[in-house]
DNA sequence: TTGTAAGCGTTATCAT
DNA sequence: ATGATAACGCTTACAA
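Residue numbers (the numbering used here), protein chains in the order written: chain G, 1 to 370; chain Y, 371 to 740.
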């Protein structure tokens, strides 16, 4: 891919080959055939390929003389050379790629987390592979294997649930893992989670201050750490607040439908004046169940959510909920993983993020005699 | 789980090796060092590596005798061999990886699309790289380059806007592209889009049937095809319906804030009884502007959205909107791309999906004298 | 400081 | 039908 005149020549041919009638916006001076390799750069710069590699690699850059490096850099830019991550990966056994596994991207909790993580990873030069596990352990396992085939340098797992084999698989495959949003109780896997106990306590205290004495908990599905932690948090907070009644009903999943079903069961149980839900999604189901029963959320029954997922400030009535730091969770998760990848201290510290209470209109003062 | 005594034995040993106090869930019989290569399988099966490759590769499977293939398969499974996508990619120049570029994953339109696409791609054996462009052309270009370094087999571009260099870059880099949700007018790039004109016509007709004669359009940002198409659709539909007035105000972006700002401008313009917005997100901004003006959406001003993004059925009032086929869009986008990757007919047909009208409570009959 | 050469794990092209 | 061999594009000992 030699001199400039030859390049113009090729470009000309390329243009001639194009449809004459089609408008072509200004194009970067990209060679028509992008198959430029390190050898081409080396030839152009009059050095050996290894020198090119050293010159363009930040860690080895110091090994090569400045003027040579400059020449190499110049030729590389001129030829538009981009190192093949595949070839480099084969050699170095690292792909500069990280995988994120979420249960379901459509669950609004995840997009902000994934987005923040992707941004942080991209800034560090990593590409992000994304996959949905559908809360299916078999699929999760399959995806981990597939990611391993792609030689991912690390894995962010937002789908960890009790009994998952994914983390053991990663250990066997030597893939560093970081858990996000969930943890695996009893296992020392670095994780970025929320302080669920504190979050639930915020909700219970808020309701207690509004005069509620009989508060139920609409709990999350079994096997998911957030559900267990929030349920435990509820028990503790209920005791601390000296509530008269604190019944618990669990939903089968963090979905509107499961929340709906569980809420129906809850409403025929011991009478309460407020419900602390483990999750915003469950609140939507609870809203539905209340509507069916001719009850108004907020007015007839106070309800609190968890996550402050997008747009719950716009539902009717706007949801009082526990806000988690979505973005920070993605960022810190990425940072934690990158730390494990670069440093040898492969026991990164777990992070527990502090949530806050957002008061809207789904919680009201308990009425007299309620 | 396991049941067999040998399994229990292995588990026991594993437990002994682990920290005594830490509970360890059952692990699949994964070899501790997963660095199994094709050569190991070949040795175990008593054949050459190339035979292993042929036996396990669907396309070349027919070349090898059944009994040999069976032996190879068995040994591969026993050793837990997984082919290195990196090594294979270096040789074949294809990574079995597809990239999806979205403007912003947090925009609720995209998660369903991305999810459906990822599922379809995974089913076809492709891994999905995801990245956010932030609507920044420079970043988009950078990401395309980075994806090229990773040798992606194809690219799904949901962020295409007028003047983007991404598609030319892809052409130069020989990366098949499919546009989703947006198109590039005047350029023959395969795309999966909505029939925006038909969608807007649905909204206008609905309002006209409710007796509205003065309808405004809250348009999308310049340079984005959906904005242009919906705006054009509005003009046509307005003419067809013989509206008295059909003013248009454009938002600077598909965001709540931009919608808010544009809506304020719209409200001080010529008086209307209904607004057809280019997008649900803009409606949220419009709701805010109405609230500021002491007006109630639905009651005082009818409004329609576009996309039927998650949870707009739960905002107050529930939004009448044009439902697009999110999932189908992701699926078809993936299918279109895969088609281009496998067949040589690299001019896949574009797809135009038909939207439908979902009537909720943000549209009311025009009041007398309004 | 730079060049040489080996090798990462596959697959494709030859032979046989 | 299978084996030998080279090649994909890069990095990294090692040699100079």
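All C-beta atoms, glycine included, are put in the ideal place defined by N, C-alpha and C.
Query                                                                                                                         : Result
C-beta contact flag for residue 692/Y and residue 573/Y at 9 Å                                                                : yes
8 Å Cβ cut-off: residues of chain G touching residue 476/Y                                                                    : 111, 112, 115, 310
Counted within 10 angstroms of its Cβ, other Cβ atoms place residue 542/Y as buried (16 or more) or exposed                   : buried
Contacting residues, own chain, Cβ-Cβ under 6 Å from residue 623/Y (five flanking each side not counted)                      : 591
Residue 497/Y at chain G interface by Cβ criterion, 9 Å                                                                       : yes
Cβ contact (3+ pairs, closer than 8 Å) linking the stretch 152-167 of chain G and the stretch 96-107 of chain G               : yes
Buried versus exposed, by CB contacts within 10 Å (16 or more), residue 24/G                                                  : Annotation note: pLDDT 32 at residue 24/G (below 50); position unreliable, no value reported.
Contacts that residue 74/G makes with chain Y (C-beta to C-beta distance below 9 Å)                                           : Those do not exist, as residue 74/G stays about 18 Å from chain Y at its closest Cβ, beyond 9 Å.
Contact belief for residue 601/Y with residue 587/Y at Cβ below 8 Å, rounded distance in angstroms                            : 6 Å
Close beta carbons around residue 244/G, own chain, < 7 Å, minus the five adjacent residues each side                         : 213, 214
Exposure label - residue 325/G; buried when at least 16 CB within 10 Å                                                        : buried
Three-way DSSP call (helix, strand, coil) for residue 703/Y in this model                                                     : helix
Closer than 9 Å to chain Y by CB, residue 146/G                                                                               : yes
Classification of residue 462/Y by the beta-carbon crowding that lies within 10 angstroms, buried from 16 upward              : exposed
Bridge-paired residues (DSSP) for residue 667/Y                                                                               : 671/Y
Contact set for residue 305/G: own chain, Cβ-Cβ below 6 Å, skip 5 residues either direction                                   : 277, 280, 283, 319, 321
Under the three-state DSSP convention, the category residue 506/Y falls into                                                  : coil
Segment limits, alpha helix (DSSP H) that includes residue 74/G                                                               : 66-79
Residue 676/Y - DSSP class collapsed to helix/strand/coil                                                                     : strand
Residue 641/Y classed as buried or exposed, judged by whether at least 16 other C-beta atoms fall within 10 angstroms         : exposed
Rounded Cβ spacing between residue 372/G and residue 246/G (contact assumed at less than 8 Å)                                 : Outside the shown range of chain G (1 to 370) lies residue 372/G, about which nothing can therefore be said.
Contacting positions in the stretch 68-96 of chain G - beta carbon closer than 7 Å to chain Y                                 : 82, 83, 84, 85, 86, 87, 89, 90, 95
Cβ distance (whole Å) where residue 294/G is taken to contact residue 361/G below 8 Å                                         : Actually they are not in contact, since the Cβ atoms of residue 294/G and residue 361/G sit about 19 Å apart, beyond 8 Å.
6 Å Cβ shell around residue 666/Y - same chain, five flanking residues per side excluded                                      : none
Within chain Y, the residues that residue 149/G reaches when beta carbons sit closer than 7 Å                                 : 452, 453, 454, 455
Within chain G, the residues that residue 502/Y reaches when beta carbons sit closer than 7 Å                                 : 115, 118, 119
Segment contact, 8 Å Cβ cut-off, at least three pairs: the stretch 484-492 of chain Y with the stretch 556-570 of chain Y     : no
Boundaries of the beta strand (DSSP E) in which residue 189/G is found, first to last residue                                 : That residue, residue 189/G, is in no beta strand (DSSP E); it is neither H nor E in DSSP.
Contact belief for residue 412/Y with residue 421/Y at Cβ below 8 Å, rounded distance in angstroms                            : 7 Å
DSSP state of residue 213/G mapped onto helix, strand, coil                                                                   : coil
7 Å CB neighbourhood of residue 289/G in its chain, flanking five on each side removed                                        : 260, 263, 264, 267
Whole-angstrom distance between residue 407/Y and residue 677/Y, CA atom to CA atom                                           : 48 Å
Contact set between the stretch 644-660 of chain Y and chain G, restricted to residues whose Cβ is under 7 Å from the partner : 654
Residue 312/G versus residue 606/Y - alpha carbon distance                                                                    : 36 Å
The stretch 502-517 of chain Y touching the stretch 132-146 of chain G, judged by at least three CB pairs closer than 8 Å     : no
Same chain, Cβ closer than 7 Å to residue 152/G, five either side skipped, listed in chain order                              : 95, 97, 98, 99, 129, 175
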